[in-house]
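*Asks:* Residue numbers are given in my numbering: position 40 of the sequence shown equals residue 105, and the series is strictly consecutive.
Each residue gets a CB set at the ideal place from its N, CA and C atoms; glycine is no exception.
The structure follows.
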Amino acid sequence: MPHKLVAAVTGTIVLSTGAPQAYRIANAAPTMPRVLEEDPSVAEARARVAIIMGSASDWDVMKSAEQMLDELGIASDARVISAHRTPERLTRFLATAETDGIEVIIAGAGMAAHLAGVTAAHTILPVLGVPLPGGELRGFDALLATVQMPGGIPVATFAIGKAGAKNAALFAAAILARSDDAILDRLAKFREAQSAAVPERPPRD
Ligand code: AIR
């Protein structure tokens, strides 16, 4: 059954840093083209999910999280924050994240990936860790660094790379959907569309 497009909007939000950030709500059906139109009425919308990553070089993978959240109509805020190279930026961000309206943090890093763990140490917001294939070990190092948290400070750890970034976004949506029926509805539609897009039989030449 074909899926209806859900109307989409775009606008601008000002985050706590004062930096304007693009804000999009797209259709929930992933196979459908997006419909975007200006709607100043959403200008007050604030990011509910933060996407942080250890390096700008991680963006090619971590943008999969932003894209998935966009498809589900969830505003997000993406930042480069390194637990090692910019530790003060991390503590500054975490000091106000919750009061700024952030409800879930997705943290992606490669190599000695301490970002998700250190983030979880500073907040009781749910932290979703995405190990990234940035180094010689192609993400196995980051996977172990992210998943092997000592008891008491949890990080929900996802697959290495783009699949992990996408699933972290879906998991963030599932968390928000517990208290947001609109997101619950879009998540259900996403699952439906995903199932409908799987062919019954393999392609033959
Ligand atoms: N990284 C940056 N600071 C701490 C860590 N673990 C990670 C980044 C990236 C990798 O180191 O998340 O995946 C390589 O970063 P770069 O900037 O050298 O490309």
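Got a sec: does the ligand AIR put a non-hydrogen atom nearer than 6 Å to the Cβ of V123?
*Replies:* Val is not the amino acid found at residue 123; the sequence shown has Asp there. Checking every heavy atom of the ligand AIR against the Cβ of D123, one is found closer than 6 Å.
*Asks:* Compute every distance between the C-beta of A177 and the non-hydrogen atoms of the ligand AIR, then say whether any falls below 6 Å.
*Replies:* yes
*Asks:* Exposed or buried, R269, counting other C-beta atoms within 10 Å across all chains shown (16 or more means buried)?
*Replies:* With fewer than 16 other Cβ atoms within 10 Å, it is exposed.
*Asks:* In terms of residues, what are the limits of the alpha helix (DSSP H) holding A110?
*Replies:* Neither: A110 is in no alpha helix (DSSP H) and is coded neither H nor E.
*Asks:* Thinking C-alpha only, which one of F205, I189, V183 is nearest M214?
*Replies:* V183
*Asks:* Which residues share a DSSP beta bridge with V169?
*Replies:* V114
*Asks:* Given 6 Å as the limit, tell me if G204 has its C-beta closer than that to any heavy atom belonging to the ligand AIR.
*Replies:* Checking the Cβ of G204 against the ligand AIR gives no.
*Asks:* How many angstroms separate the CA atom of H179 from the CA atom of A160?
*Replies:* 18 Å
*Asks:* Check D142 in the structure and name its three-state DSSP category.
*Replies:* Note: D142 maps to strand in three-state DSSP.
*Asks:* Quick one: give me the first and last residue of the alpha helix (DSSP H) that G182 is part of.
*Replies:* Residues 180-187.
*Asks:* If we define contact as Cβ-Cβ less than 7 Å, is E257 a contact residue for chain B?
*Replies:* Here chain B cannot be found, since the structure has a single protein chain.
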